[in-house]
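In what follows, a structure is listed as structure tokens, so that the remarks can point back to it.
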Amino acid sequence: MTQIILAIESSCDETACSIVKNGNEILSNIVSSQINVHKKFGGVVPEVASRIHVENISVVIAEAMEQAKVTMDDIDAIAFTQGPGLIGSLHVGVQAAKTLAWMYNKPLIPLHHIIGHIYANGFVDELTFPLLALVVSGGHTELVFMKDEWSFDILGTTQDDAIGEAYDKVARVLGLPYPGGPAIDKLAKEGNKHYVLPTPKTEKELDFSFSGLKSAVLQLIQREEKKGEEINKADLAYCFQETALDTLVGKTCKAVELMHPKQVVLAGGVAANSRLREKMIEAMAKYSDVHLTIPPLWCCTDNAAMIGAAGNTAFKHKFFGSLDCSANPCKEMNI
Ligand code: KG4
Ligand code: ZN
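Numbering (my numbering), first residue to last: -9 to 325.
This is the structure in structure tokens:
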């Protein structure tokens, strides 16, 4: 039986709507990015983000329906990001989804943003379980083990900054534009191993920590400035990136050895990083019985198609929400 999901994503600074058929056929995928507005402030301004979502949400939904050539009669359910994310931003998508569900009497599917990122891999490969996801975004750094479909066990998480946050902060001190990840990715290609930065340490083997590394970059810049020396930005971007990515890849290898997944997937905005992709391919080649899936660039950063993909699985299991559900900025995975 055909299933068509209308999916909405508005957790941060992208207003997005997508129509997804049977979980992996994208009929439309509209993303209205606010990056050009937030760039001027050097990061996302939550109040500004929610106002722009309010202005854009109806247009984005209408455009997604038009491009997909569907009417509300064709839609089986409304899926949306309930959390985590910025409360004001989430609210806009949640209210839009609830309004549509109420008006057209459709089931409502509240989803976890990161589950969407993981299920985005379903657009390029079949998901096989047990599966290990390295989740790397602006708000999350996690190793998620899925023994089955829709089962999420967090093996390790960051004790402080998320990896994307560290990229954005380091980029800012290097004078690079927001978002910092793509800027560091590009600049690091011209850099060399010139600076020594501390390897992040954590109490638990599969946890992460990036605030010490971020502070070390800042202190190094201040030290050099005091000495009147000029920083080689490309070298510093390179050294930061190598140190940060080696921890991500090293801990993913440890998790593979502990959990023996059949498939490893990358998920979240930082999965767009060219060096992380190279390093993961090289590292996973050691495990002949593990299949690595790297999502294409378009579905690494925030979009609603990934919410439609996850929504399709939730629909099969009838994980529906009710009209009194609300945005949940601290939403947990296993609910
Ligand atoms: O998943 P995402 O779009 O939003 C969140 O859910 O947070 O991720 C955004 C993050 C930002 O921190 C951005 O700097 C980072 O992903 N990012 C990258 C790259 N492209 C985006 N980080 C490193 N290298 C990239 N090429
Ligand atoms: Zn995201």
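For every residue, glycine included, the Cβ atom is placed at its ideal position computed from N, Cα and C.
Answer yes or no: the CB of residue i versus the heavy atoms of ligand 2, is any distance below 8 Å?
i: H103; result: yes
i: H81; result: no
i: T192; result: no
i: T291; result: yes
i: F23; result: Reading off the sequence shown, one finds Ser at residue 23, where the question assumed Phe. It does not: the Cβ of S23 is nowhere closer than 8 Å to a heavy atom of ligand 2.
i: G170; result: no
i: H43; result: no
i: S127; result: yes
Would you kindly check if the distance between the Cβ of residue j and the Cβ of residue i is under 9 Å?
i: R265; j: D151; result: no
i: A52; j: M296; result: no
i: P285; j: V114; result: yes
i: M270; j: L287; result: no
i: H130; j: G78; result: no
i: A87; j: I(-6); result: no
i: F305; j: I99; result: yes
i: C2; j: A39; result: yes
i: V125; j: A245; result: no
i: T291; j: A262; result: yes
i: L208; j: P188; result: no
Is any heavy atom in ligand 1 found nearer than 8 Å to the beta carbon of residue i?
i: S316; result: no
i: D151; result: no
i: H130; result: yes
i: D236; result: no
i: E180; result: no
i: L329; result: Within the shown structure, residues of the chain are numbered from -9 to 325, placing residue 329 beyond reach of any answer.
i: N263; result: yes
Please report whether the beta-carbon of residue i lies at a distance below 9 Å from any beta-carbon of chain B.
i: F230; result: Looking for chain B here will not work: only one protein chain is present.
Can you grab the Cα-Cα spacing for the pair residue i / residue j, in whole Å?
i: G75; j: E37; result: 13 Å
i: A178; j: V35; result: 27 Å
i: G165; j: G171; result: 13 Å
Q: Would you be able to state if there are at least three C-beta pairs under 8 Å between the region 177 to 184 and the region 221 to 235?
A: Yes: the two stretches touch, three or more of their Cβ pairs being nearer than 8 Å.
Q.
Can you confirm whether the region 115 to 126 touches the region 240 to 251 when touching is taken to mean that 3 or more C-beta pairs between the two stretches lie within less than 8 Å?
A. Because the criterion of three Cβ pairs below 8 Å is met, the region 240 to 251 and the region 115 to 126 touch.
Q. Do three or more CB pairs link the region 6 to 16 to the region 26 to 44 at distances below 8 Å?
A. Contact between the region 6 to 16 and the region 26 to 44 is not established, with fewer than three Cβ pairs separated by less than 8 Å.
Q. Looking at C-beta atoms only, is the number of pairs between the region 50 to 70 and the region 197 to 209 that lie closer than 8 Å three or more?
A. Three or more beta-carbon pairs separated by less than 8 Å are not found between the region 50 to 70 and the region 197 to 209, which leaves the two stretches without contact.
Q | Cβ contact check for the region 293 to 309 and the region 133 to 143: 3 or more pairs under 8 Å | A | Note that the region 293 to 309 touches the region 133 to 143; at least 3 beta-carbon pairs, one per stretch, sit closer than 8 Å.
Q.
Count Cβ pairs between the region 20 to 27 and the region 99 to 110 that sit closer than 8 Å; are there 3 or more?
A. Touching, no, given that fewer than three Cβ pairs across the two stretches are closer than 8 Å.
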